[in-house]
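Visitor:
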Amino acid sequence: MERWRFAVLILIQILIIAHVIQWLVMGTTVAPIEPSESIKTVRGGVITVGFIFFVVAIGSTMILGRFFCGWGCHIMLLQDWCGRLLDRIGVRPRPFRSRLLRLMPLGLALYMFVWPVAHRFLVAPWMGGAPEWPGWSFEATTNNFWATFPGLLMAVPFLLVCGFLTIYLLGMKGYCTYACPYGGFFAPAEQVAPVRIRVREDSCEHCGVCTAACTSNVRVHEEIESFGMVVDPGCMKCLDCVTTCPQDALYLGLGKPALMVGSEQREKAVSEGTLKPKFDLSWTEEIAFAVIAVVMLLSIRGQYSLPLLFASGVTACGTWIVWKGWRTIRDSNASFHRFSLKRSDAIRPAGFTMITLAAGVLLCTAWMGTINFAGDMAVRSDDRVIVPASMVFSRTGYVSPDGSIRNEAEKSLDWYRRAGFIGDGGWSPLTSTRNNFTIRRAWLLSVLGRFDEALEEIDDMVSKVGLNEDLALARGRVIRMLDPAIVDETYARMLEVDPTWMRLRDERILWRLEEQTEADAIAEARVALEIHPDELLPMRRLAVLLLDHGGPEGWRESGEITRRTLEIEPENPNAWRAMALAIAKSGDLEAAEEAMAEAISLAGGDWRLRHQYSILLNDLGRWDDADEQLEMSLQLWEQAGGETAGTRPFLPARPLGPMPPAPD
128 MERWRFAVLI LIQILIIAHV IQWLVMGTTV APIEPSESIK TVRGGVITVG
178 FIFFVVAIGS TMILGRFFCG WGCHIMLLQD WCGRLLDRIG VRPRPFRSRL
228 LRLMPLGLAL YMFVWPVAHR FLVAPWMGGA PEWPGWSFEA TTNNFWATFP
278 GLLMAVPFLL VCGFLTIYLL GMKGYCTYAC PYGGFFAPAE QVAPVRIRVR
328 EDSCEHCGVC TAACTSNVRV HEEIESFGMV VDPGCMKCLD CVTTCPQDAL
378 YLGLGKPALM VGSEQREKAV SEGTLKPKFD LSWTEEIAFA VIAVVMLLSI
428 RGQYSLPLLF ASGVTACGTW IVWKGWRTIR DSNASFHRFS LKRSDAIRPA
478 GFTMITLAAG VLLCTAWMGT INFAGDMAVR SDDRVIVPAS MVFSRTGYVS
528 PDGSIRNEAE KSLDWYRRAG FIGDGGWSPL TSTRNNFTIR RAWLLSVLGR
578 FDEALEEIDD MVSKVGLNED LALARGRVIR MLDPAIVDET YARMLEVDPT
628 WMRLRDERIL WRLEEQTEAD AIAEARVALE IHPDELLPMR RLAVLLLDHG
678 GPEGWRESGE ITRRTLEIEP ENPNAWRAMA LAIAKSGDLE AAEEAMAEAI
728 SLAGGDWRLR HQYSILLNDL GRWDDADEQL EMSLQLWEQA GGETAGTRPF
778 LPARPLGPMP PAPD
């Protein structure tokens, strides 16, 4: 069935490419049909196309077995293709068999898809920091198709490691067995499937051709003889065993699932010798190398995080290399494919290479683990520096935080220095966090009131990597405290580097607004909209400025701009609110009420929105409706924390009616 399987898998690749091309041409497309998109569902209640696909895939696996893995996974094509290339040069990968390491996919699956739910609903409430559940939503399309996928610099090594290296070291389907988190759910789901590879009674001659043909490392002939069917959860229903059987003894059919094969039946098969379980690791080694694998995975992820699917593949291969290096030292004889590593207690050159690789893997794991530990400690202390930016960059002058905050800031600075790039005085050989660490250090120095050092830190990084928008934003905030007179000029010079930096330009707009130069702020907002005519942020910024400071002409223009934002994002309650306020200022309170009602229909749980709606109804003289909305606003305000959420909602005084006539 190999040709048929390759044809189906190639067709899937073509469909994936067509999906990407359609997005590139049209700018919007169906959201990625990828199981990892389920993370959005379990974390935030966003039902994605990927989540629906994953549920359907698991559900079908519970009936048909792991057909999806064998016939529908794009990584499977890569693994099978690499296996064929190795076969052509005379290398037939030997399967690596471990009891505990094959549990890594299940552990990863639980971490990705179960832990976020458990944390939100069990752990966080117990610890007193449960985030509010946003409710269920649906996301079928996207404008940013590639947002969750890596770039070429990450994708190419991923394909080499997870496609080629895992096959070469761990055997066919090595990535599926030891690294794929989706397989962590597919494998147990497969055990309840009634559709399995089965044997026709008295027709099997136990020749072993089926096992030789299997590319999933299943001992087909042993399981057929012991149980009358294939029970290994690694069976991916490739059907090679069925089509190569010389006696036509195997078939795909319905019957009892593998889950119904009890432990007694398995023990009996082992005792009779029909099932010969063989593992490459002793139980002592299983435990030791499982610990090594966990440490390696945590070290790889950390602050210098590889994508999880890539990190798991690297971990599986790295653990195997350490194990093989250990066996080269321990055993009298050791080999790997065509290479003789050790013969009669004499280590060969290839053996020294393997031992060196194993030592290098362990050293790199320890090195990266140490760096990531330093990064984690820096972030932990940084998270305890809870100081409002308005207090640090205060217009009235710097306010020093209390002693505990200052101590945490000092500790975080030290740990960030250790976790930084070697060229910056740190321990890390990687440059991926230089920008972020510099910004965090500049913030912590600002918290400590050391603004000169913060500016020096930023300018030193600019001299090394060039000015980018993040560094420019940090630099502008520090200069506000050092020399307010040159802030606007500084923003102008930095925007000359790249006029499209909208966040930096928005900072300049807000600075001008703080300096009470509303006309200059509006002028800068117009420049931003000219540069980004179709983006929402400059539209909204200019609309708000015109609404607050533009006068009657500005109110009219604000309404027009807000209408444009609603054409782009029609279900934005804040945009409808802004529309209502602009219309209300122009005097058309009834039209404003219609716009505010639309905002309420989209976000009726926002107490501020309810409060503004009640004020608008009050101005219209609909006092009963205004009182009803005020009551709902008060209830929501109390649920949000009362005084901690903001000023208590209230209605302005109503005009007194005419005095009743005096009695006769």
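Residue numbers (this note's numbering): 128 to 791.
No residue lacks a Cβ here, since even glycine has one placed at the ideal position from N, Cα and C.
No experiment lies behind these values; they were computed from the predicted model shown.
If you check the beta carbons only, do Val-358 and Val-347 fall under 7 Å apart?
Guide: In this structure, Val-347 does not lie closer than 7 Å to Val-358 by Cβ.
Visitor: How long is the line joining the alpha carbons of Glu-694 and Thr-565, rounded to whole angstroms?
Guide: So the alpha carbons of these two residues sit roughly 40 Å apart.
Visitor: Tell me, to the nearest whole angstrom, how far the beta carbon of Ser-343 is from that of Lys-300; I am working on the premise that it is less than 8 Å.
Guide: Right, the Cβ-Cβ distance comes to about 5 Å (below 8 Å), so this counts as a contact.
Visitor: Tell me, please, which residues DSSP counts as bridged to Met-356.
Guide: Partner(s): Arg-325.
Visitor: Tell me, which residues are paired with Phe-466 by DSSP?
Guide: According to DSSP, which records beta bridges pairwise, Phe-466 is partnered with Phe-463.
Visitor: Rounded to a whole number of angstroms, what is the C-alpha to C-alpha distance between Asn-499 and Ala-546?
Guide: If you take the alpha carbons of Asn-499 and Ala-546, they lie about 7 Å apart.
Visitor: I'd like the span of the alpha helix (DSSP H) that includes Val-654, first residue to last.
Guide: It spans 645-658 - the alpha helix (DSSP H) in which Val-654 sits, taken as one unbroken run.
Visitor: Less than 7 Å between the beta carbons of Gly-311 and Leu-233, yes or no?
Guide: Yes.
Visitor: Does DSSP put Leu-747 in a helix, a strand or coil?
Guide: Three-state DSSP puts Leu-747 in coil, outside helix and strand.
Visitor: Counting only the same chain and skipping the five closest in sequence on each side, list residues whose C-beta sits under 6 Å from that of Asp-472.
Guide: Closer than 6 Å at Cβ, skipping near neighbours: Ser-459.
Visitor: Should Gly-440 go down as buried or exposed, given a rule of 16 or more other Cβ atoms within 10 Å for buried?
Guide: Label assigned to Gly-440: buried.
Visitor: From the DSSP output, in three-state form, read off Val-250 for me.
Guide: Val-250 falls in the helix class under three-state DSSP.
Visitor: Helix, strand or coil, according to DSSP, for Glu-266 in the structure here?
Guide: Strand, per DSSP.
Visitor: Determine the extent of the beta strand (DSSP E) in which Gly-380 is found, giving its start and end residues.
Guide: That run of the beta strand (DSSP E) goes 377-381.
Visitor: What ranges does the alpha helix (DSSP H) occupy inside the stretch 649-733, keeping only unbroken runs of at least 4 residues that lie completely in it?
Guide: Fully enclosed alpha helix (DSSP H) runs of 4 or longer: 663-676, 678-695, 700-712, 716-729.
Visitor: Please report how far the alpha carbon of Gly-769 lies from the alpha carbon of Met-254, in whole angstroms.
Guide: In a straight line, the C-alpha of Gly-769 is about 22 Å away from that of Met-254.
Visitor: So, helix, strand or coil for Val-605, using DSSP?
Guide: Val-605 falls in the helix class under three-state DSSP.
Visitor: Between the Cα of Phe-240 and the Cα atoms of Arg-704, Val-169, Leu-744, Ala-339, which residue gives the shortest distance?
Guide: Comparing Cα-Cα distances from Phe-240 to each of Arg-704, Val-169, Leu-744, Ala-339, the minimum goes to Val-169.
Visitor: Can you give the Cα-Cα distance for Leu-736 and Thr-492, rounded to whole angstroms?
Guide: The alpha-carbon atoms of Leu-736 and Thr-492 are separated by roughly 52 Å.
Visitor: Spatial neighbours of Lys-72 within its chain, please: C-beta separation below 6 Å, excluding the five flanking residues on both sides.
Guide: The requested residue 72 does not occur in the structure, where the chain is confined to residues 128 to 791.
Visitor: State the CB to CB distance for the pair Met-231 and Tyr-305, rounded to an integer number of angstroms; the pair is presumed to be in contact (CB under 8 Å).
Guide: Contact holds; Cβ gap of about 6 Å.
Visitor: What residue range does the beta strand (DSSP E) around Thr-442 cover?
Guide: Here Thr-442 belongs to no beta strand (DSSP E); instead the alpha helix (DSSP H) covers 435-457.
Visitor: With the cut-off set at 7 Å, would you say Met-155 and Asn-270 are in Cβ contact?
Guide: According to the sequence displayed, residue 155 carries Thr and not Met. Yes.
Visitor: In this structure, how does DSSP classify Val-526 when only helix, strand and coil are distinguished?
Guide: The answer is coil: DSSP assigns Val-526 none of H, G, I, E or B.
Visitor: I need the straight-line Cα distance from Ala-619 to Trp-570, nearest angstrom please.
Guide: The straight-line gap from Cα to Cα measures roughly 22 Å.
Visitor: State buried or exposed for Ser-165, treating a residue as buried only when at least 16 other CB atoms are found within 10 Å of its CB.
Guide: Ser-165 is buried by the Cβ-count criterion.
Visitor: If distances are taken between C-alpha atoms only, which option among Ile-710, Arg-457, Asp-207 comes closest to Val-135?
Guide: That would be Asp-207, whose Cα lies nearest to the Cα of Val-135.
Visitor: Starting from Val-173, follow the alpha helix (DSSP H) in both directions and report where the run begins and ends.
Guide: No alpha helix (DSSP H) contains Val-173, which is instead part of the beta strand (DSSP E) from 173-175.
Visitor: Where does the unbroken alpha helix (DSSP H) through Met-299 begin, and where does it stop?
Guide: No alpha helix (DSSP H) contains Met-299, which DSSP labels as neither H nor E.
Visitor: Which same chain residues, not among the five before or five after Ser-624, have their C-beta less than 7 Å away from its C-beta?
Guide: Here residue 624 is Val; the residue named in the question, Ser, does not match the sequence. Excluding positions up to five away in sequence, the list reads Leu-594.
Visitor: Buried or exposed: which applies to Lys-469, given that a residue is buried once 16 or more other Cβ atoms fall within 10 Å of its Cβ?
Guide: Buried is the call here.
Visitor: Under DSSP, the alpha helix (DSSP H) around Ala-772 begins and ends at which residues?
Guide: Taken as a continuous stretch (DSSP letters only), Ala-772 belongs to no alpha helix (DSSP H), as it is neither H nor E.
Visitor: State the DSSP-derived secondary structure class of Ala-320, mapped to helix, strand or coil.
Guide: Coil, per DSSP.
Visitor: Looking only at C-alpha atoms, which of Gly-502, Ala-236, Glu-129 sits nearest to Leu-557?
Guide: Ranking the options by Cα distance to Leu-557, first place goes to Gly-502.
Visitor: Take every Cβ of the stretch 514-525, pair it with every Cβ of the stretch 476-492, and state whether three or more of those distances are shorter than 8 Å.
Guide: No: the two stretches stay apart, fewer than three of their Cβ pairs being nearer than 8 Å.
Visitor: May I ask which residues mark the beginning and end of the alpha helix (DSSP H) holding Met-495?
Guide: 476-510 is the span of the alpha helix (DSSP H), which, as asked, contains Met-495.
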